[in-house]
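Residue numbers (our numbering): 13 to 406.
Beta carbons: idealized from backbone N, C-alpha and C, even for Gly.
Here the structure is a predicted model, which is why all the values come from computation and not from measurement.
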Ligand SMILES: *Cc1c(COP(=O)(O)O)cnc(C)c1O
């Protein structure tokens, strides 16, 4: 459609939409339609035969959704994008497309809870096994790969303790074995980290988080090679059916326009709150990728533009103290999810990571005193004032 724009801040507003094709409408029109009429029986035949381009039925394609898909593809620097009705619809479509019965997946040691649940289900139903790796060195990654390994699946930063994995290093090992690397880029968004530029093969998002940015949509996005995503669309998306609604695609197009501005503000606020948390006597450990004293800091400098908006911290105290801190807050919201305008805080051990067995939680440093903070867009002084009074009242 339109020509590729040079800068991210321009692409995020213009790519994939040409007002001339839409009666001059500045905003992308919402095509809230389930199906498309054919001008003749023969045209319907040609469309189904793939001999003529055009829309057939909204599970197979929709003009509003297409704008979103072209835009995210450009932002991640990939050939093609594909939108889904949730982050998990995106994760499951990609993993089902990449595997067959008896295959094996190597995963980062730390996965979104429902991704872990999906892998467990794939193991039970189809004998698709998985192993976790901290992926700290090439040797460590190589040692995990078996003849039946179908892909490497990575989250970085790892939720909730913000440990980083060197994507370029993992991609180099994967190339030796000719297997694809899939990256869940939800915590960074393409503004902070672009895994395809680092040699990875598929990048996916829970667009529910930073890409939507306003806490009003659940959606997923995938970007990768055109051949691969054409296949995903025609199999796991078309036939399993986890598509996005046109209205949700429309909301994401609207949300995306401010992604760089919002992310910079999330990062500015998180940097300020991180400094304050580090120096508070009731706080024991603080995990934030922009911490210069952290061993992962060189990876952060290489592969992420900034540290992002999520901080985790241990308080000096017990599970009850962690819960009391949440109950002491005046306007910060107790909620899971992240990337919204509102600052959200949650208790991983009893909420997002409650399904992780206690022993694995300990290995992942998810203590009963750990809290995860998604720093919002409010004035950082107000965010800190609320946290400070809640900590001081423990
Ligand atoms: C939220 C989240 C998901 C799942 O996305 P939904 O949109 O809730 O289905 C997957 N991965 C990560 C890292 C997430 O934070």
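For residue i, does the three-state DSSP call read helix, strand or coil?
i	result
residue 274	helix
residue 38	coil
residue 109	helix
residue 375	helix
residue 335	helix
residue 341	coil
residue 177	coil
residue 154	helix
residue 281	helix
residue 22	helix
residue 367	coil
residue 171	coil
residue 406	coil
residue 259	helix
residue 80	helix
residue 203	helix
residue 329	coil
residue 104	helix
residue 27	coil
residue 398	helix
residue 191	coil
residue 13	Residue placement at residue 13 is flagged as unreliable, the pLDDT there being 42, under the threshold of 50; a coordinate-derived value is accordingly withheld.
residue 311	helix
residue 68	coil
residue 143	strand
residue 387	coil
residue 62	coil
residue 358	strand
residue 123	coil
residue 324	strand
Go through its chain and collect everything with a Cβ distance to residue i's Cβ below 6 Å, but skip five positions before and after it.
i	result
residue 110	162 and 163
residue 146	121
residue 274	225
residue 222	201 and 351
residue 195	166, 207, 212 and 215
residue 397	none
residue 67	48 and 73
residue 331	380
Excluding the five sequence neighbours on either side, which residues of its own chain have a C-beta within less than 7 Å of the C-beta of residue i, listed in chain order?
i	result
residue 405	340
residue 373	361 and 365
residue 338	346, 357 and 359
residue 375	none
residue 390	355
Nearest to residue i by alpha carbon, out of the options?
i	options	result
residue 265	275, 372, 246 and 229	229
residue 115	171, 125, 90 and 139	139
residue 20	201, 256 and 212	201
residue 240	192, 337, 263 and 281	192
residue 166	213, 204, 350 and 160	213
residue 206	242, 185 and 169	169
residue 316	156, 351, 221 and 204	204
residue 260	310, 95, 141 and 35	95
residue 246	402, 108, 33 and 51	108
residue 232	333, 77 and 34	77
residue 112	131, 127 and 126	131
residue 378	175, 66 and 137	175
residue 291	184, 238, 399 and 342	399
residue 394	288, 64 and 302	288
residue 186	117, 238, 126 and 234	117
residue 83	235, 335 and 396	235
residue 388	401, 330 and 343	343
residue 155	119, 397 and 49	119
residue 152	314, 172, 160 and 178	178
residue 160	181, 184 and 189	189
residue 401	336, 368 and 268	336
residue 79	302, 333, 269 and 353	269
residue 127	218, 332, 271 and 34	218
residue 262	272, 41, 302 and 50	41
Determine whether the beta carbon atoms of residue i and residue j lie at a separation below 8 Å.
i	j	result
residue 2	residue 99	The requested residue 2 does not occur in the structure, where the chain is confined to residues 13 to 406.
residue 320	residue 144	no
residue 210	residue 197	no
residue 208	residue 56	no
residue 255	residue 249	yes
residue 384	residue 298	no
residue 71	residue 253	yes
residue 307	residue 74	no
residue 220	residue 349	yes
residue 403	residue 294	yes
residue 301	residue 314	no
Enumerate in chain order the residues of its own chain whose CB-to-CB distance from residue i is below 8 Å, with the five nearest sequence positions on each side excluded.
i	result
residue 296	325, 326, 327, 328 and 381
residue 392	280, 281, 284 and 285
residue 31	37 and 38
### Query
Touching or not, the region 41–53 and the region 89–106, by the rule of three or more beta carbon pairs under 8 Å?
no
### Query
Does the count of Cβ pairs from the region 68–87 and the region 23–41 closer than 8 Å reach three?
yes
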